[in-house]
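Protein chains: 2
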Amino acid sequence: MPVNLSAPNPQDLHPVPGVQIGVAMAGVRKANRRDLTVVTLAEGSAVAGVFTKNRFCAAPVQICQKHLAAGTDIRALLVNTGNANAGTGEDGLVRAQTTCIALARHLDIAPEQVLPFSTGVIMETLPIDRIQAGLPAALADLKADNWALAAEGIMTTDTLPKAASRQVKVGNATVTVTGISKGAGMIKPNMATMLGYVATDAKIAPALLQGLAKDAADASFNRITIDGDTSTNDSFVVIATRQADHAEITSWDSPEGRAVREAVIAVSVQLAQAIVRDGEGATKFITITVEGGRDEAECRLAAYAIAHSPLVKTAFFASDPNLGRILAAVGYAGIDDLDQNLIELHLDDVHVVTKGGRRPEYREEDGQRVMKQSEITIRVGLARGTAATTLWTCDLSHDYVTINADYRS
Amino acid sequence: MPVNLSAPNPQDLHPVPGVQIGVAMAGVRKANRRDLTVVTLAEGSAVAGVFTKNRFCAAPVQICQKHLAAGTDIRALLVNTGNANAGTGEDGLVRAQTTCIALARHLDIAPEQVLPFSTGVIMETLPIDRIQAGLPAALADLKADNWALAAEGIMTTDTLPKAASRQVKVGNATVTVTGISKGAGMIKPNMATMLGYVATDAKIAPALLQGLAKDAADASFNRITIDGDTSTNDSFVVIATRQADHAEITSWDSPEGRAVREAVIAVSVQLAQAIVRDGEGATKFITITVEGGRDEAECRLAAYAIAHSPLVKTAFFASDPNLGRILAAVGYAGIDDLDQNLIELHLDDVHVVTKGGRRPEYREEDGQRVMKQSEITIRVGLARGTAATTLWTCDLSHDYVTINADYRS
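The following block contains the structure:
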């Protein structure tokens with residue numbers, strides 16, 4: 001059961017001028033499910049992406065990076081679920097390229113203008129015949145208001161499609177930002193999440209887009225973790241079709257630039273948080289803030305140690321205020337000269353630990369009250385500086401084990 | 001259900017001349033369970049220890065380090081279960097010292113000659129009145145052949161007591177090495193495990209003992225992980241009562257030195273592996289070997305990434321040869337310039353991956369056959385050097401979640 005998340009209402013997902021989406025059932029792994037998504041972009045669109053830091057990155061990730069680096073205008077995205085085309089060696093690269101060639105022929109563009117994405121089981125051969133056979137149906141389905149179907153078409157073990165959309169005024173124009181994501185497990189993105197796409201029609205100078213993609217990822221997908229497993233296929237793409245009727249944005253340091261940038265980041269954060277809310281087996285949405293660090297890096301060490309501790313995660317699943325486990329995680333996070341006698345710990349509004357020990361005033365029933373909530377904030381103070389960071393995670397439940405023990409069955 | 005582990009037969013645990021053990025029920029946390037263990041050491045014994053690297057180390061760990069550093073002969077160990085006396089601030093330190101003072105009075109020694117150990121729930125006040133009240137019963141129970149009871153007396157969520165013992169000839173003397181350990185969860189020891197004690201009557205030069213403790217920990221407790229959580233209380237102690245009738249061992253580079261050293265390490269390895277076999281919810285004992293690394297450090301990075309991946313661990317629980325998860329873990333382990341196209345993967349005798357991709361000859365049923373075993377070896381080749389490492393871990397099952405969601409209830 002996702003935590004305070006519901007399927008997006010298709011009416012709430014504003015089409016982005018210049019973006020068309022088609023979804024089909026290609027039987028990549030299972031029959032009768034939407035597993036093939038084609039996105040076409042109008043001429044003049046700018047595209048940027050950030051990708052997994054996993055050294056064992058999937059074939060489509062390698063092809064995406066190559067095509068983006070080539071500098072040719074990207075005109076289409078091709079996404080399949082059911083098969084990650086990772087751990088597939090040279091053969092996997094050829095197969096990913098073959099799908100780009102097939103889609104490019106249909107669209108009369110060059111293969112380098114296609115970005116391929118795959119998600120699903122690792123180390124199995126990508127069935128390109130089925131993908132090629134599914135392309136005509138996906139192309140016949142191309143329309144501007146297909147975002148909800150696309151959100152469904154990229155799911156794996158997600159229980160709900162994930163999408164977000166908003167509009168902002170830029171000059172006299174109304175600019176749209178709409179995006180979709182998928183996640184569920186193997187989620188500790190490193191520069192991006194499993195799959196995330198955010199498109200806008202804002203007329204953003206192409207040179208600004210890669211920086212925006214990085215900033216948006218750092219504020220959103222790079223702040224979430226479910227199980228600490230960084231996927232082989234993480235990809236996050238920001239698209240600007242540049243069709244909105246306003247003066248080109250050439251700097252973020254203007255009212256128009258700020259408005260668009262904030263909208264893109266807000267949509268990215270909503271999509272990233274949706275991944276945690278629908279994390280495999282999640283029953284709680286947990287915000288972890290570590291403050292008082294010397295730099296953000298050490299705050300992140302402590303926050304990830306808490307977020308990845310199976311003991312912390314199972315205690316939250318059980319609504320058990322066994323909060324010493326949080327202290328233990330901070331202790332082994334790798335901050336070498338940490339003084340344990342300065343640590344403070346709050347659980348929402350409840351001040352649990354002061355100067356490294358349990359506060360005499362702390363009462364277990366207060367911790368218990370907070371632990372029973374579905375949304376909880378853990379706040380740790382290191383009292384050694386002014387840096388801080390925040391990330392989002394979920395608990396570890398029986399369902400996580402069930403889902404991952406059964407994923408391929 | 002522990003993996004190929006049974007309770008030790010008390011008759012197999014050779015007493016160590018110079019060591020006496022008494023166990024009592026003190027009601028530290030629960031009534032009617034053995035939770036207080038006293039170990040006394042004959043005059044002239046040498047003691048060395050290695051302790052958790054967790055910055056949030058428990059009060060007894062801090063006292064142990066202080067007492068060992070003081071250089072006074074250690075004459076007694078005091079171990080309680082049910083309460084870890086961690087995250088307890090200044091008050092916890094005073095309480096740990098108070099228990100040392102109480103035991104020292106009974107034994108007519110100095111408090112600095114006592115090493116205190118606590119294991120159990122974090123962040124709760126140590127009930128020193130109950131421990132003090134339990135001391136007379138523990139002291140009345142002191143005897144040489146109480147190792148099996150002591151192994152029981154230090155358990156927390158362990159389902160079985162853990163002990164190992166062996167004898168070796170040194171000159172004309174028969175030297176004994178006997179030890180006990182406890183573990184279960186919060187196990188990724190860093191220089192030691194939750195609690196491990198190995199005693200020998202070998203006449204080891206005291207100056208050699210600290211090096212032996214470190215080497216034995218590195219070969220055993222520092223090669224195991226259950227959930228990646230490094231405890232606040234990890235302690236591993238090596239005792240030499242020096243009562244055996246042979247020439248003093250002043251170097252490991254002699255037949256006698258090697259025999260004793262190997263026996264201490266063998267007992268330590270057996271105790272460490274027993275912790276994994278009885279890991280919380282464990283159904284499989286997994287040996288991970290990473291070879292072909294440039295140095296051991298990068299082999300350890302990859303091995304721990306595999307061992308800590310919830311996705312790998314749940315796949316092993318399910319006996320599902322979803323082996324791409326192992327490649328993904330190697331990929332995000334943090335070896336920056338790893339070439340994925342060189343990776344090899346064996347599962348026991350089955351060669352699964354070559355040059356980063358699935359071998360054409362690999363058949364799923366071969367992987368399935370190995371995955372169904374209760375003992376499995378994962379062997380990863382990095383093909384970039386000659387370094388290697390091995391560690392031991394277990395799977396992640398529903399019972400792990402159940403145990404840790406219910407631990408305090």
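Residue numbers (UniProt numbering), protein chains in the order written: chain Y, 1 to 409; chain H, 1 to 409.
Just so you know, even glycine gets a beta-carbon here, dropped at the ideal spot from N, CA and C.
From the DSSP output, in three-state form, read off residue i for me.
| i | result |
| --- | --- |
| residue 394 of chain Y | strand |
| residue 410 of chain H | Only positions 1 to 409 of chain H appear in this structure, which leaves residue 410 of chain H out of reach. |
| residue 93 of chain H | helix |
| residue 284 of chain Y | coil |
| residue 52 of chain Y | coil |
| residue 1 of chain H | coil |
| residue 153 of chain H | helix |
| residue 192 of chain H | The predicted model places residue 192 of chain H with a pLDDT of 39, which falls under 50 and marks its position as unreliable; any figure quoted below should be read in that light. Residue 192 of chain H falls in the coil class under three-state DSSP. |
| residue 414 of chain H | Not covered by the structure: residue 414 of chain H. The range shown for chain H is 1 to 409. |
| residue 409 of chain H | Model confidence at residue 409 of chain H stands at a pLDDT of 44, short of 50, so the residue's coordinates are unreliable and nothing is read from them. |
| residue 370 of chain Y | helix |
| residue 322 of chain Y | coil |
| residue 338 of chain H | coil |
| residue 99 of chain H | helix |
| residue 84 of chain H | coil |
| residue 375 of chain H | strand |
| residue 400 of chain H | helix |
| residue 165 of chain Y | strand |
| residue 10 of chain H | helix |
| residue 389 of chain H | strand |
| residue 232 of chain H | coil |
| residue 26 of chain Y | coil |
Counting only Cβ pairs nearer than 7 Å, list the residues of chain Y close to residue i.
| i | result |
| --- | --- |
| residue 398 of chain H | 398, 401 |
| residue 304 of chain H | Those do not exist, as residue 304 of chain H stays about 11 Å from chain Y at its closest Cβ, beyond 7 Å. |
| residue 222 of chain H | The premise fails here: residue 222 of chain H is roughly 14 Å from chain Y at the closest Cβ pair, so nothing lies under 7 Å. |
| residue 69 of chain H | Neighbours of residue 69 of chain H on chain Y: none; closest Cβ ~19 Å, over 7 Å. |
Quick one, are the C-beta atoms of residue i and residue j less than 8 Å apart?
| i | j | result |
| --- | --- | --- |
| residue 306 of chain H | residue 249 of chain H | no |
| residue 479 of chain Y | residue 331 of chain H | Any property of residue 479 of chain Y remains undetermined from this structure, which presents chain Y solely from 1 to 409. |
| residue 281 of chain H | residue 400 of chain H | yes |
| residue 219 of chain Y | residue 180 of chain Y | no |
| residue 347 of chain H | residue 367 of chain H | yes |
| residue 241 of chain H | residue 45 of chain H | yes |
| residue 165 of chain H | residue 12 of chain H | yes |
| residue 275 of chain H | residue 153 of chain H | no |
| residue 212 of chain Y | residue 48 of chain Y | yes |
| residue 294 of chain H | residue 223 of chain H | no |
| residue 2 of chain H | residue 243 of chain H | no |
Could you list which residues in chain Y have their beta carbon closer than 8 Å to that of residue i, in chain order?
| i | result |
| --- | --- |
| residue 83 of chain H | In chain order: nothing, as chain Y lies at least about 11 Å away. |
| residue 99 of chain H | Within chain Y, no residue comes near residue 99 of chain H; the closest Cβ sits about 18 Å away, beyond 8 Å. |
| residue 335 of chain H | 55 |
| residue 92 of chain H | 357 |
Using a C-beta to C-beta distance shorter than 7 Å, which residues of chain H count as neighbours of residue i?
| i | result |
| --- | --- |
| residue 355 of chain Y | 89 |
| residue 232 of chain Y | 328, 331 |
| residue 227 of chain Y | 310, 311 |
| residue 172 of chain Y | Per Cβ cutoff of 7 Å: no residues; residue 172 of chain Y is ~47 Å from chain H at best. |
Residues of chain H with CB closer than 9 Å to the CB of residue i, please, in chain order.
| i | result |
| --- | --- |
| residue 158 of chain Y | What residue 158 of chain Y touches in chain H: nothing, since even the nearest Cβ is about 16 Å away. |
| residue 175 of chain Y | Those do not exist, as residue 175 of chain Y stays about 36 Å from chain H at its closest Cβ, beyond 9 Å. |
Please list, in chain order, the chain Y residues whose beta carbon lies closer than 9 Å to that of residue i.
| i | result |
| --- | --- |
| residue 293 of chain H | The contacting residues do not exist; residue 293 of chain H stays about 13 Å from chain Y at best. |
Can you pull the chain H neighbours of residue i, defined as C-beta to C-beta under 8 Å?
| i | result |
| --- | --- |
| residue 279 of chain Y | Within chain H, no residue comes near residue 279 of chain Y; the closest Cβ sits about 11 Å away, beyond 8 Å. |
| residue 4 of chain Y | Within 8 Å Cβ-Cβ: nothing; residue 4 of chain Y doesn't reach chain H, min ~21 Å. |
Quick check on residue i - is its C-beta less than 8 Å from some C-beta in chain B?
| i | result |
| --- | --- |
| residue 340 of chain Y | Of the protein chains in this structure, namely Y and H, none is chain B. |
task: Pair every Cβ in the region 121-134 of chain Y with every Cβ in the region 13-29 of chain Y, then say whether three or more of these pairs are closer than 8 Å.
output: Output reads yes: the region 13-29 of chain Y touches the region 121-134 of chain Y.
- prompt: What residues in the region 348-379 of chain Y have a beta carbon less than 9 Å from any beta carbon of chain H?
  reply: For the region 348-379 of chain Y, which is checked against every Cβ of chain H, the residues closer than 9 Å are 352, 353, 354, 355, 356, 357, 358.
message: Check whether the region 350-360 of chain H and the region 251-268 of chain H touch, using three or more Cβ-Cβ pairs below 8 Å as the test.
response: No, the region 350-360 of chain H does not touch the region 251-268 of chain H.
task: Check distances from the C-beta atoms of the region 310-325 of chain Y to those of chain H and list, in chain order, the residues that come in under 8 Å.
output: Per Cβ criterion, the list reads 310, 311, 314, 315, 317, 318, 320, 322, 323, 324, 325.
query: Quick check: the region 386-402 of chain H against the region 282-291 of chain H, are there 3 or more CB pairs under 8 Å?
result: Yes, they touch.
Under 9 Å (Cβ pairs) to chain H, residues found in the region 38-71 of chain Y: Listed by position along the chain: 52, 53, 54, 55, 56, 57.
message: Whether or not the region 68-86 of chain Y and the region 101-108 of chain Y are in contact is what I'm after, with contact meaning three or more pairs of Cβ atoms, one per stretch, closer than 8 Å; do they touch?
response: The region 101-108 of chain Y, when compared against the region 68-86 of chain Y, does touch it at the 8 Å Cβ threshold.
message: So if I threshold CB-CB distances at 9 Å, which residues from the region 119-145 of chain H count as touching chain Y?
response: The residues in question are 121, 122, 123, 124, 125.
task: Indicate whether the contact test is met: 3 or more Cβ pairs, each with one atom in the region 34-42 of chain Y and one in the region 78-90 of chain Y, closer than 8 Å.
output: Contact between the region 34-42 of chain Y and the region 78-90 of chain Y is present: 3 or more CB-CB pairs across the two stretches fall below 8 Å.
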